[in-house]
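Here the structure comes first, spelled out in structure tokens, and everything after it is commentary.
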Amino acid sequence: MSDYRAPIQDMRFVMDELAGLPDIAQLPGYEEATPDMADAILDEAAKFTGEVLAPLNRIGD
Numbered sequence: 050m051s052d053y054r055a056p057i058q059d060m061r062f063v064m065d066e067l068a069g070l071p072d073i074a075q076l077p078g079y080e081e082a083t084p085d086m087a088d089a090i091l092d093e094a095a096k097f098t099g100e101v102l103a104p105l106n107r108i109g110d
């Protein structure tokens, strides 16, 4: 079985550079959409996919 590691660095690049997350956080109603919040969400999502979802796919590996 292979270990799944979510491409966090790639996701952060896309959110920051391509989607313009720092600019979005300046808009009314999106003040909490900061890069720090996005990092926390991505880190927890990566942990969830690696520890919970990936082991469910053992048969497919």
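With our numbering applied, the sequence shown closes on residue 110, and no number is skipped along the way. Heads up, the beta-carbon is just placed ideally off N, CA and C, and yes, glycines get one too. Since the structure is predicted, the reported quantities are computational estimates derived from the model, not experimental observations.
Item                                                                                                                 : Value
Would residue 79 count as contacting chain C if we go by Cβ distances under 7 Å?                                     : No chain C appears in this structure, which consists of one protein chain only.
For residue 64, does the count of other Cβ atoms within 10 angstroms reach 16, so buried, or fall short, so exposed? : buried
Which value, in whole angstroms, describes the spacing of the CA atoms of residue 50 and residue 102?                : Note that residue 50 scores a pLDDT of 49, beneath 50, so its modelled location is shaky; the value from the coordinates is reported in the next line. So the alpha carbons of these two residues sit roughly 13 Å apart.
Could you check the C-alpha separation between residue 104 and residue 94 for me, to the nearest Å?                  : 15 Å
Three or more beta-carbon pairs under 8 Å between the stretch 76-87 and the stretch 51-59, yes or no?                : no
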